[in-house]
Structure formats: structure tokens, C-alpha cells
Ligand code: AMP
Ligand code: GLY
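Numbering (this note's numbering), first residue to last: 3 to 440.
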């Protein structure tokens with residue numbers, strides 16, 4: 003099979019890396035890819051937003067399976083377009099991708115189908131005064147979300163009502179998020195710890211991959227600004243077997259039934275971003291694609307042929323369970339200094355060869371490209387590398403150490419990483435062991 007991966011980040015490297023392991027695959031392409039992906043796939047210079055350019059390429063090369071990394075092409079309808087031309091593509095249709103593309107749609111959907119999530123109301127610019135009244139009625143912290151896609155910047159957690167009113171003005175009057183902010187969701191703040199679960203589905207049946215935990219803030223101890231994700235580990239012990247059952251029965255199954263019932267069955271990867279609260283798991287957000295950097299820890303633990311699972315999603319033959327390796331995985335993201343704000347690029351990266359000597363370490367490139375001199379690799383984005391280690395399931399600490407030993411071998415001007423990736427997982431494991439012993 004000829005397989006075509008769309009995107010250029012660490013997630014897409016992990017997808018390409020796993021797809022490459024399938025005996026079904028004879029040729030792998032990636033658009034646009036990065037310096038690391040170029041080692042395992044032929045990179046094509048087409049942007050993910052150029053869906054007609056991607057279609058043209060896929061038709062020209064007779065691609066057998068296309069896999070979409072980022073959300074934008076999915077919410078723009080790339081799946082509908084490819085399918086209309088008889089091409090197999092893994093992912094949800096445009097109307098199903100609204101679970102991520104429109105928070106107003108997602109919240110209304112969850113309310114209608116009794117799927118646990120934060121209490122909320124949504125407002126348009128015409129309903130500004132109602133929005134102000136609502137803000138004055140509910141307790142702080144208050145969460146404000148631009149309804150549409152806002153490149154991960156559309157969520158504000160406001161500690162005071164004044165701050166919430168200010169953000170409201172920015173969204174509805176000043177339109178800082180453009181179209182994406184013409185409707186705003188105002189919701190209750192959920193207390194708990196977050197976890198990410200991916201379901202691969204054909205619209206009816208689904209399998210869940212191992213639960214992971216992301217680290218969204220830029221600084222240690224979850225301080226500082228929100229980012230795309232500074233690291234992840236899996237399995238996340240906070241998602242106990244009992245919790246996982248609830249996620250499957252109270253969230254994923256009713257989501258798929260509801261979407262089918264509404265006439266837009268959801269196929270592809272459904273990412274549920276969860277808050278594990280005292281009263282059970284609640285949905286913080288849906289995403290219509292794999293998570294980054296969670297994919298970099300979830301796929302190395304998947305003991306299945308990913309291509310077969312993707313074909314089952316497309317063909318409507320999804321099974322109910324997957325085999326997972328009895329191991330743990332930890333991914334530490336090395337970012338450019340300044341990220342998630344402005345940062346410089348083009349910095350030569352040193353030590354990559356030294357870092358991969360350990361067979362249990364994989365370096366998933368994210369924002370990298372080839373430099374001017376032979377063999378040189380330079381930074382080209384905010385999140386530069388995802389250094390991933392695999393280790394024993396029962397010894398997460400050892401896996402964390404392995405990841406950081408590799409991280410320390412890599413340098414570039416301004417390199418920054420969090421030093422506490424996985425720490426919460428270790429604390430959970432200790433807590434769970436203590437309750438078991440009691
Ligand atoms: P989202 O883009 O909806 O995932 O929101 C970004 C981040 O904001 C989430 O990963 C959470 O850390 C936080 N967040 C979003 N909604 C809530 C909420 N209702 N309560 C607490 N934290 C939230
Ligand atoms: N890691 C968060 C996301 O992929 O949206």
C-alpha cells in the first residue's frame with residue numbers, strides 16, 4: 003500500500019513511524035513532514051491547509067490510504083473531498099469534525115445526550131448582555147472559550163468577574179479570534195486532573211488506546227502559559243480500570259451513538275480530553291484527531307498494526323479490543339526558548355546521534371528542518387523534538403530517567419524543556435499502591 007500522512011509535527015512523525023512498521027506498507031509519503039520524518043518517508047511540500055493540492059497529489063500517486071494529523075483539514079472537509087474521489091482516508095467527515103471545530107456544537111451535543119461535562123451557556127455578540135448577566139451569576143473561576151478553532155489559544159480561565167468581562171469584550175467586540183470567537187462558551191471550572199483517551203472507531207464499534215496524560219503548561223508544576231503540550235506519559239494511572247470503564251460507557255459509547263443518531267456518524271480517531279473529577283470523568287474538550295504529544299507515547303505501546311485499525315475504521319469492521327504492550331512511555335518535548343510566545347528558529351541542533359544510542363529511546367522530530375551544511379538539522383518551530391523513552395510498566399520513574407538522560411545529550415541555542423514530565427504519574431502510582439496495601 004501507498005500511505006500518505008498529512009502534517010509536520012511530532013504527532014505526524016509518531017504516526018509515520020508506526021505506519022512504517024506495518025507489513026502492508028510499501029511506500030510512505032508525508033506532506034509537508036520535517037527533517038526526521040524525511041528519514042522514513044518521502045516528504046512532499048504541500049501545506050495541510052491546501053486540501054485541493056493534497057487531493058491532486060493523492061490522485062496522481064494513487065494513494066491507498068491517507069492519514070490526517072492536524073484538525074484544520076478535517077474541519078475543512080478533507081475527508082468528504084477525498085471520499086468523493088473514491089480515495090480512502092482516515093478521519094471524520096466535516097460535519098462529524100464539528101465535535102472539535104465548534105465548541106457550541108459539542109456542548110449542545112453533550113447536553114442533549116447526557117454526556118458528563120462542565121455546566122455552560124453559549125452566547126453570540128447579540129446576546130452580550132445575557133452573557134454579562136451569566137458571568138455575574140456564576141462563581142469564579144469562570145472559563146471562557148471561543149467556539150471555533152483558535153490554534154489552542156481560545157480558552158481563558160478567569161479568576162475574577164472583571165477579567166471574565168474583559169475577555170468577553172475581547173472575543174465578542176474586538177473579535178481577537180475573528181470568526182472563531184463570534185460565539186463564546188462560558189462554563190463552570192472543573193476541579194481535578196486531566197487525562198487524554200483516544201478511541202479509534204468506524205462510527206459504531208470502537209477500540210480505546212492506552213490513556214495518557216499531557217502537560218499543557220510551559221513551566222514545571224503546571225505553571226505559566228498554556229502550550230500545545232510540553233510532554234506526556236502513558237499509561238496514566240489516574241485512569242484506573244474503573245475510571246476507564248466509565249469513560250467508555252458514559253462518554254465514548256454515547257458520543258458515537260449520538261453522532262450516528264444525528265446523521266453524522268463519527269469515524270477516525272476521537273480524542274476525549276477529560277477532567278477526572280471527584281464525581282467521575284467529565285469531557286473538557288473533544289478533538290477530531292490524535293493528540294500531540296500524547297500520540298508519541300500511545301503509539302509505541304500499541305501492540306497492533308495501526309494500518310489495519312485505520313482500514314477497519316474506514317471499512318466499518320472495527321473490533322472491540324486492542325493489545326497493548328505491558329510497558330510505559332514518556333515523551334519530553336524540547337522547545338525553542340520563548341515558546342509559546344515569539345521564538346527564533348534556524349538554530350543548529352547537536353547531539354541527536356548520541357541520544358538515540360539507547361534502543362528504548364525514539365526521538366520524534368517536530369519543528370526541525372535540514373540546515374545548509376550536509377547533515378545539519380536546525381530548529382524550525384516552537385516544539386522542536388519529542389524525546390520518547392519506553393520502559394517497564396511498573397517502573398515509570400525509570401522510564402522518566404531514561405527519557406531525561408537522552409534529553410540531556412541534545413542541545414541547541416535556547417533549548418527549553420520541563421523537568422517534571424511524568425511526576426504526577428509516579429505520585430498516582432504510589433497512592434494507588436498504598437490503597438492496595440491497606
Ligand atoms: P481546551 O482547549 O478546551 O482543551 O482547553 C484548554 C485547557 O484549559 C484544558 O486543557 C484545561 O487545562 C483548561 N480547561 C478548559 N476547560 C476547563 C474547565 N471547564 N475547567 C477547568 N479547566 C479547563
Ligand atoms: N495535546 C493536546 C492536543 O493535542 O490538543
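Cβ coordinates follow ideal geometry from the N, Cα and C atoms, glycine included.
Which residues end up in the neighbourhood of the ligand GLY when you take C-beta atoms closer than 5 Å to any of its heavy atoms? Those residues that have a beta carbon less than 5 Å away from any non-hydrogen atom of the ligand GLY are, in order along the chain, 216, 231, 293, 294.
Which same chain residues, not among the five before or five after residue 401, have their C-beta less than 6 Å away from its C-beta? Around residue 401: 330, 332, 391, 393.
Whole runs of the alpha helix (DSSP H) within the region 262-347, excluding any shorter than 4 residues: At a cut-off of 4 residues, the continuous stretches assigned as alpha helix (DSSP H) that sit fully inside the region 262-347 are 297-300, 308-317.
Does the Cβ of residue 191 lie closer than 7 Å to at least one heavy atom of the ligand FMN? For the ligand FMN, the structure offers nothing, since it holds only the ligand AMP and the ligand GLY.
Using only the alpha-carbon positions, how far apart do residue 248 and residue 282 sit? If I take the Cα positions, the gap works out to 8 Å.
Taking 8 Å as the limit between beta carbons, can you name the residues of its chain near residue 430, skipping five residues before and five after? Spatial neighbours of residue 430 in its own chain (CB-CB distance under 8 Å, excluding positions within 5 residues in sequence) are listed in chain order as 238, 239, 240.
Specify whether the region 217-228 and the region 258-265 touch according to this definition: at least 3 beta carbon pairs, one from each stretch, less than 8 Å apart. No: fewer than three Cβ pairs fall under 8 Å.
Count the other CB atoms within 10 Å of the CB of residue 298; is the residue buried (16 or more) or exposed (fewer)? With 16 or more Cβ atoms within 10 Å of its Cβ, residue 298 is classed as buried.
Just how far apart, CA to CA, sit residue 301 and residue 17? Between the C-alpha atoms of residue 301 and residue 17 there is a straight-line separation of about 8 Å.
Count the other CB atoms, across all protein chains shown, that sit within 10 Å of the CB of residue 158; report buried if there are 16 or more and exposed otherwise. Burial of residue 158 is indicated by the presence of at least 16 other C-beta atoms within 10 angstroms of its C-beta.
Quick check on residue 241: does DSSP put it in helix, strand or coil? Reduced to three states, the DSSP call for residue 241 is coil.
Report all residues from its chain with a CB closer than 7 Å to the CB of residue 399; omit the five preceding and five following residues, and keep chain order. Closer than 7 Å at Cβ, skipping near neighbours: 428.
Under 8 Å Cβ to Cβ from residue 167, same chain only, skipping five residues before and after it: list those, please. Counting only Cβ-Cβ distances below 8 Å, and skipping sequence neighbours, we find 134, 137.
Output needed for residue 441: all residues of its chain with C-beta closer than 6 Å, excluding positions within five of it in sequence on either side, in chain order. For the chain, the structure presents residues 3 to 440; residue 441 sits outside this window and is missing.
In whole angstroms, what is the alpha-carbon distance linking residue 419 and residue 30? Going from the Cα of residue 419 to the Cα of residue 30 covers about 31 Å.
Any 3 or more C-beta pairs closer than 8 Å across the region 38-45 and the region 3-15: The region 38-45 is in contact with the region 3-15.
Sheet register partners of residue 352 (DSSP bridge): For residue 352, which the question treats as bridged, DSSP gives the partners 413.
DSSP state of residue 435 mapped onto helix, strand, coil: Of the three classes helix, strand and coil, the one that applies to residue 435 here is helix, per DSSP.
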